[in-house]
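Following: one structure in structure tokens, then a few remarks.
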Amino acid sequence: MSEHTHNPKAEAALYLKTLIALLILTGITVGASYIHFGSGAANVVVALTIATIKATLVALIFMHLLHDKPVNGLIAAAGFVFLGLFLMFTLIDFDSRQDYQPRNMPAVVAPPTSTAPAPAAEHK
Amino acid sequence: MSTSTVDLQHDPHGEHPDDPHHQHHFTTMEQQFDTSKIGMWLFLATEVLLFGGLFVGFGMMQARFPEEFKEAHEHLQRPLGALNTVVLLFSSWTMVMGVLSARTNQRKKLVIYLMITILCACIFLGVKYFEYSHKIEEGLLPGHYYTHHGDKIPNTHGYATFFSFYFMMTGLHGIHILVGIGLLWWIAVRGNRGEFNSSYYTPVDLVGLYWHLVDLIWIYLFPLYYLIS
């Protein structure tokens, strides 16, 4: 059941190194959040990239996926692939809804009152 | 590692005197362990999708109310978020050391590591309690409960949406921590009774996987809520 029981000492050392790496990455991501990388989107990309590195370390080492049976990794990957699909199609949908995006929305003070009569007037 | 290659020809109903935990419908202990593990991973995949839906929704609302979300982020205290991240990462390490202890027949160490993990979980929830009560006092609440004053944009809809997501996602994560404490306690009690050893430690391993997933979700929640502004 355990493929790497042969050397618990080495395993414990690996876990400790992983913890240190995770803590250092946390420090980096907090530090990076105080730096402005050109745009808000750039900061998001930096933060999420570091988060993904940390998540990968946790999954591969703490959750043993590195030395585990491949099927477990496949199931984990499938979860994320489907999440990616979900996110992608939602983004495409959002992008196509011009009226829903903030730059196209009227200043939200009063709700718009006359939207219905417009199409009728166009057909003349 | 009692991979006693059981001969089904001579032992069709699996009377395996070597391990009381061995269920008769599994050929070997190894097969039994692997089967449980696949089940656990399937559950974890659904957990990823459960939180994933909330993350996607959060992303959409962030795109819809960029100004409000940016301002709302400022209400979250970065040091507290960072502290909780460190606490949770450390608890993940004690958890994995607990699993290693169970696998190497170190009963006392297993219980100690599990207790430290539970302690970290309690610290995490304590910090969350502090944060929540601060938000409640300031009226930074979901939906129409939002009563905070002094925001830049008069229409508070965007702010209220932000805090709906904040309480939903950190709350759901907090419930997972609570469930985790219960599970950790359960395996600590069993571990103390000496129920786990190198040939049977499946519950420890699976609770470990669950605990790491809770940590993994926080790894994403932390930058998205506390760091982006």
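Here the protein sequences come in this chain order: A and B.
Following our numbering, the numbering of the first sequence begins with 1061 at its first residue and continues without gaps.
Following our numbering, the numbering of the second sequence begins with 7 at its first residue and continues without gaps.
By construction, the Cβ of each residue, glycine as well, lies at the ideal position given by its N, Cα and C atoms.
Chain-ordered residues of the stretch 1122-1134 of chain A with a beta carbon less than 7 angstroms from chain B: Phe1122, Met1123, Lys1129, Val1131, Asn1132
Chain A contact for proline 229/B (CB, 7 angstroms cutoff): Sequence index remark: in the second sequence, residue 229/B carries index 223 (1-based). It does; some Cβ of chain A falls within 7 angstroms.
Alpha-carbon to alpha-carbon, phenylalanine 1142/A and leucine 1125/A: Your numbering for residue 1125/A matches position 65 in the first sequence. Your numbering for residue 1142/A matches position 82 in the first sequence. One C-alpha to the other measures close to 19 angstroms.
Per-residue DSSP class, three states only, for asparagine 161/B: Here residue 161/B corresponds to residue number 155 of the second sequence, with the count starting at 1. Of the three classes helix, strand and coil, the one that applies to asparagine 161/B here is coil, per DSSP.
Amino acids of chain A, ordered along the chain, whose beta-carbon sits closer than 8 angstroms to that of tryptophan 191/B: Reading the second sequence from its first residue, position 185 is the one you call residue 191/B. Near tryptophan 191/B there are no residues of chain A at all, since even the closest Cβ is about 20 angstroms away, more than 8 angstroms.
Limits of the alpha helix (DSSP H) - the one that tyrosine 1094/A falls within: Locating residue 1094/A in the first sequence gives position 34, counting from the first residue. Here tyrosine 1094/A belongs to no alpha helix (DSSP H), and DSSP marks it neither H nor E.
Residue(s) in a DSSP beta bridge with tyrosine 206/B: As a working note, residue 206/B is residue 200 in the second sequence. Its beta-bridge partners are Asn203/B.
Exposure of histidine 182/B, with buried meaning 16 or more beta-carbon neighbours within 10 Å: What you label residue 182/B is simply residue 176 of the second sequence in a count that begins at 1. Result: buried.
Boundaries of the alpha helix (DSSP H) in which phenylalanine 1142/A is found, first to last residue: In the first sequence, the residue the question calls residue 1142/A occupies position 82. Element bounds for phenylalanine 1142/A: 1130-1156.
Interface residues of the stretch 70-97 of chain B facing chain A [CB-CB below 8 angstroms]: Arg70, Phe71, Pro72, Glu73, Lys76, Arg84, Ala88, Thr91, Val92, Leu95, Phe96
Euclidean distance between Cα positions of alanine 1138/A and aspartate 40/B: Here the question's residue 1138/A lines up with position 78 in the first sequence. Here the question's residue 40/B lines up with position 34 in the second sequence. Answer to the nearest angstrom: the Cα atoms are 18 angstroms apart.
Proximity to valine 1187/A [Cα-Cα], best of Glu77/B, Val195/B, Phe171/B, Trp217/B: The displayed coordinates of chain A run from 1061 to 1184. Any statement about residue 1187/A would go beyond what the structure contains.
Cβ neighbour criterion (16 or more within 10 Å) applied to glutamate 1182/A: Residue numbering aside, residue 1182/A sits at position 122 when the first sequence is read from its first letter. With a pLDDT of only 44 at glutamate 1182/A, under the threshold of 50, the placement of this residue in the model should not be trusted, and no figure is reported.
Alpha carbon of threonine 1112/A to alpha carbon of valine 105/B, nearest angstrom: Numbered from 1 along the first sequence, position 52 holds the residue referred to as residue 1112/A. Numbered from 1 along the second sequence, position 99 holds the residue referred to as residue 105/B. Near 24 angstroms, if we compare the C-alpha coordinates of valine 105/B and threonine 1112/A.
Where lysine 43/B falls, given that 16 or more other Cβ within 10 Å makes a residue buried: One-based indexing of the second sequence puts residue 43/B at position 37. Buried: at least 16 other Cβ atoms inside 10 Å.
Under the three-state DSSP convention, the category phenylalanine 39/B falls into: Residue numbering aside, residue 39/B sits at position 33 when the second sequence is read from its first letter. Correct three-state label for phenylalanine 39/B: helix.
Reduced DSSP category for methionine 1123/A - H, G, I as helix; E, B as strand; rest coil: Numbered from its first residue, the first sequence carries residue 1123/A at position 63. Coil.
Burial state of serine 1099/A (16 or more Cβ within 10 Å): Indexing the first sequence from 1 puts residue 1099/A at position 39. It counts as exposed.
Rounded C-alpha distance that separates glutamate 143/B from tyrosine 152/B: Start at 1 with the first residue of the second sequence, and residue 143/B comes out as number 137. Start at 1 with the first residue of the second sequence, and residue 152/B comes out as number 146. Spanning the two alpha carbons is a distance of roughly 11 angstroms.
Boundaries of the alpha helix (DSSP H) in which serine 107/B is found, first to last residue: For this step, residue 107/B is matched to residue 101 along the second sequence. Note, serine 107/B: alpha helix (DSSP H), 84-109.
Own chain residues within Cβ distance below 6 angstroms of threonine 100/B, not counting five before or after: Sequence index remark: in the second sequence, residue 100/B carries index 94 (1-based). Around threonine 100/B: Tyr119, Ile122, Thr123.
Alpha helix (DSSP H) runs wholly inside the stretch 51-88 of chain B, at least 4 long, in chain order: 72-79
Reduced DSSP category for glycine 180/B - H, G, I as helix; E, B as strand; rest coil: Looking up residue 180/B in the second sequence gives position 174. Helix, per DSSP.
is_contact[threonine 110/B, chain A] using C-beta, thresh 7 angstroms: In the second sequence, residue 110/B corresponds to position 104, counting from 1. True, the Cβ-Cβ gap to chain A drops below 7 angstroms.
Buried/exposed call for glutamate 1071/A, threshold 16 Cβ in 10 Å: Start at 1 with the first residue of the first sequence, and residue 1071/A comes out as number 11. So glutamate 1071/A ends up on the buried side.
Simplified DSSP assignment, three categories, for proline 18/B: The residue given as residue 18/B occupies position 12 in the second sequence. In this prediction, proline 18/B scores a pLDDT of 48, lower than 50, which makes its location untrustworthy; the coordinate-derived value is nonetheless stated afterwards. Three-state result, proline 18/B: coil.
C-alpha gap between phenylalanine 1149/A and alanine 194/B, whole angstroms: One-based indexing of the first sequence puts residue 1149/A at position 89. One-based indexing of the second sequence puts residue 194/B at position 188. Whole-angstrom Cα-Cα distance: 44 angstroms.
Spatially closest choice to leucine 82/B from Gly65/B, His31/B, Met35/B, Lys134/B, by CA coordinates: Stepping through the second sequence from its first residue, residue 82/B is reached at position 76. Of the candidates Gly65/B, His31/B, Met35/B, Lys134/B, the one whose C-alpha sits nearest the C-alpha of leucine 82/B is Lys134/B.
Neighbour list for aspartate 40/B in chain A, Cβ cutoff strictly below 7 angstroms: Mapped onto the second sequence, residue 40/B falls at position 34. Chain A residues near aspartate 40/B: Lys1129.
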